[in-house]
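Just so we're aligned, residue 4 is where the sequence shown starts under the numbering used here, counting upward by one.
All remarks here apply to the structure that follows.
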Amino acid sequence: MININTIKQIVKYPMLEIMTIIFSLVYIFKNYSIIDYYTFFIYSMILSTYKGCFNTYELIISSISLVETEKRIILVEIFQMTHLIYLSNFREMLIQLVNLMTLFSANYYMKIFNLTIEIIFLECKKLIYYIFVTLICLSVQLLLLKSSNTNIKRKIFHFFSMVIYFNKSFLAIFLGQFLILIFIMSLAFRPVKRFNDRFKSSKDPGLVAISHILLLCSICYSSLFLDLYEYRAILIVICVLDSLSSIYGKIIKSKQKSLLSSLLSISTTKVICKLMIHSKYTLLISFMGVIEYLLKSNDNLFLPYLMIFFLRKRILISNC
Numbered sequence: 004m005i006n007i008n009t010i011k012q013i014v015k016y017p018m019l020e021i022m023t024i025i026f027s028l029v030y031i032f033k034n035y036s037i038i039d040y041y042t043f044f045i046y047s048m049i050l051s052t053y054k055g056c057f058n059t060y061e062l063i064i065s066s067i068s069l070v071e072t073e074k075r076i077i078l079v080e081i082f083q084m085t086h087l088i089y090l091s092n093f094r095e096m097l098i099q100l101v102n103l104m105t106l107f108s109a110n111y112y113m114k115i116f117n118l119t120i121e122i123i124f125l126e127c128k129k130l131i132y133y134i135f136v137t138l139i140c141l142s143v144q145l146l147l148l149k150s151s152n153t154n155i156k157r158k159i160f161h162f163f164s165m166v167i168y169f170n171k172s173f174l175a176i177f178l179g180q181f182l183i184l185i186f187i188m189s190l191a192f193r194p195v196k197r198f199n200d201r202f203k204s205s206k207d208p209g210l211v212a213i214s215h216i217l218l219l220c221s222i223c224y225s226s227l228f229l230d231l232y233e234y235r236a237i238l239i240v241i242c243v244l245d246s247l248s249s250i251y252g253k254i255i256k257s258k259q260k261s262l263l264s265s266l267l268s269i270s271t272t273k274v275i276c277k278l279m280i281h282s283k284y285t286l287l288i289s290f291m292g293v294i295e296y297l298l299k300s301n302d303n304l305f306l307p308y309l310m311i312f313f314l315r316k317r318i319l320i321s322n323c
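Quick look at the structure:
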């Protein structure tokens, strides 16, 4: 007969993560080519250099996500240049970056140059808007520099990310790719690393804070898999649902995830979804709120990963 202590021990295991990994490995077995397996292995090896930053579940999901994103992204060379850098000291990482840059032809860099010039002239209004929003975000972060409340600093980053990416602009995604590269390079640059460490929380148990990089990757790369309204739904889940759950938790003075804060965040997010997108996504958002409550791993990684699956399979989406 199973007693209450046995049940408690079972609940301690990350069952949701285990189920996600099982289904993901089945997908890999059915659909991956030899090249895909090799790419998966390479990304896994690179991510494993981030000592303590990824648990086993996060490592597998991150590697799968990078493989799938590489198949769809337009500027694949910049993507590879960004995510094939293993974590070391800043000098070593800089040498890696230079070595990777030499692998690509001069024509590719000319293509990047022409694209940059085209963006400056044709998308100058959007560029000014993004710079303005970014400066506001940085200004707020500087004002809160001495604050010990890491949660507020992180949620401000969530909010401004949603403001920039809400219209699924190619310019935002293009700039986001370079920003991810800068973030990764800055992990080993001591002056910036000290600033990054101010954002560390329980989601960042490793040597460096990577939760903000995972957030930006999830926001930037999710656009490759979804249409505009689906993408907006995923932004609301990543940036609003997660933030509200944490904020409500602070209001009711709960140090960990609580059922009440999750229910309040789900209810508020459903209202926001109805006002900003469509009511057909509210059931899925409710389900993602339950997943967010049950997750023991980094939700900036697992929430978008699972939601992309549900959106592409049209699961829990009403026809109204």
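The C-beta atom is built at its ideal place from N, Cα and C for all residues, glycine as well.
Quick caveat: nothing in here was measured; it's all calculated off a predicted structure.
Under the three-state DSSP convention, the category residue i falls into
{"i": "Leu314", "result": "helix"}
{"i": "Ser189", "result": "helix"}
{"i": "Lys253", "result": "helix"}
{"i": "Asn301", "result": "coil"}
{"i": "Ile241", "result": "helix"}
{"i": "Gly209", "result": "coil"}
{"i": "Ile320", "result": "coil"}
{"i": "Lys283", "result": "helix"}
{"i": "Gly292", "result": "helix"}
{"i": "Lys54", "result": "coil"}
{"i": "Pro307", "result": "helix"}
{"i": "Tyr30", "result": "helix"}
{"i": "Ser225", "result": "helix"}
{"i": "Ser246", "result": "helix"}
{"i": "Ile98", "result": "helix"}
{"i": "Phe116", "result": "helix"}
Whole-angstrom distance between residue j and residue i, CA atom to CA atom
{"i": "Leu286", "j": "Phe181", "result": "35 Å"}
{"i": "Ser282", "j": "Val274", "result": "9 Å"}
{"i": "Asn58", "j": "Lys256", "result": "28 Å"}
{"i": "Ser210", "j": "Asn301", "result": "According to the sequence provided, residue 210 is Leu. The question's Ser does not apply to it. Taking the straight line from one Cα to the other gives about 16 Å."}
{"i": "Ile123", "j": "Leu130", "result": "7 Å"}
{"i": "Thr137", "j": "Val195", "result": "17 Å"}
{"i": "Ile269", "j": "Glu126", "result": "36 Å"}
{"i": "Leu217", "j": "Phe305", "result": "10 Å"}
{"i": "Ser249", "j": "Arg75", "result": "33 Å"}
{"i": "Leu247", "j": "Glu80", "result": "36 Å"}
{"i": "Val293", "j": "Pro208", "result": "24 Å"}
{"i": "Lys33", "j": "Tyr308", "result": "19 Å"}
{"i": "Gly55", "j": "Glu61", "result": "11 Å"}
{"i": "Leu227", "j": "Phe160", "result": "22 Å"}
{"i": "Gly252", "j": "Ile98", "result": "44 Å"}
{"i": "Ser66", "j": "Leu238", "result": "21 Å"}
{"i": "Gln236", "j": "Ile45", "result": "Going by the sequence as given, residue 236 is Ala instead of Gln. The alpha-carbon atoms of Ala236 and Ile45 are separated by roughly 32 Å."}
{"i": "Lys203", "j": "Arg317", "result": "35 Å"}
{"i": "Tyr53", "j": "Leu184", "result": "15 Å"}
{"i": "Asp200", "j": "Ser36", "result": "39 Å"}
{"i": "Ile139", "j": "Ser189", "result": "21 Å"}
{"i": "Leu158", "j": "His215", "result": "A quick correction: the sequence has Lys, not Leu, at residue 158. About 10 Å."}
Residue closest to residue i, alpha-carbon to alpha-carbon, out of the options
{"i": "Leu319", "options": "Leu304, Glu233, Lys203, Ser246", "result": "Glu233"}
{"i": "Glu295", "options": "Glu126, Leu244, Ile280", "result": "Leu244"}
{"i": "Met84", "options": "Val29, Tyr111, Thr23, Leu145", "result": "Tyr111"}
{"i": "Lys171", "options": "Ile155, Ile139, Leu190, Asp230", "result": "Asp230"}
{"i": "Ile222", "options": "Ile167, Ile38, Val143, Glu80", "result": "Ile167"}
{"i": "Ser289", "options": "Ile280, Lys299, Cys276", "result": "Cys276"}
{"i": "Asn102", "options": "Phe228, Tyr46, Ala191, Ile88", "result": "Ile88"}
{"i": "Met279", "options": "Met165, Ile185, Phe177", "result": "Met165"}
{"i": "Ile115", "options": "Ile254, Phe82, Tyr224, Ser36", "result": "Phe82"}
{"i": "Ala191", "options": "Lys299, Ile25, Leu90", "result": "Leu90"}
{"i": "Ile77", "options": "Leu106, Phe135, Phe93, Phe177", "result": "Phe177"}
{"i": "Tyr132", "options": "Met22, Lys156, Met104, Phe163", "result": "Phe163"}
{"i": "Cys242", "options": "Thr271, Ser261, Ile254", "result": "Thr271"}
{"i": "Tyr224", "options": "Met18, His86, Leu145", "result": "His86"}
Per-residue burial, residue i [other beta carbons within 10 Å of its own, 16 or more giving buried]
{"i": "Lys206", "result": "buried"}
{"i": "Gly179", "result": "buried"}
{"i": "Asn303", "result": "buried"}
{"i": "Val70", "result": "buried"}
{"i": "Leu314", "result": "buried"}
{"i": "Ala109", "result": "exposed"}
{"i": "Ile311", "result": "buried"}
{"i": "Tyr41", "result": "exposed"}
{"i": "Ser121", "result": "Reading the sequence as shown, one finds Glu at residue 121 and not Ser. Flag for Glu121 reads exposed."}
{"i": "Ile7", "result": "Residue placement at Ile7 is poorly supported in this model, since its pLDDT is 43, which falls under 50; the coordinates still yield a value, given next. Looking at its Cβ environment, which holds fewer than 16 other Cβ atoms inside 10 Å, Ile7 is exposed."}
{"i": "Ile213", "result": "buried"}
{"i": "Val240", "result": "buried"}
{"i": "Thr119", "result": "exposed"}
{"i": "Leu50", "result": "buried"}
{"i": "Leu219", "result": "buried"}
{"i": "Ile64", "result": "buried"}
{"i": "Thr23", "result": "buried"}
Distance cut-off 8 Å: residue i Cβ against heavy atoms of the ligand ATP
{"i": "Tyr284", "result": "Annotation note on the ligand ATP: not contained in the displayed structure, which lists no ligands."}
Threshold first: 4 residues or longer. Then list the alpha helix (DSSP H) segments lying entirely within the segment 122 to 191, N to C.
127 to 146, 153 to 168, 173 to 189
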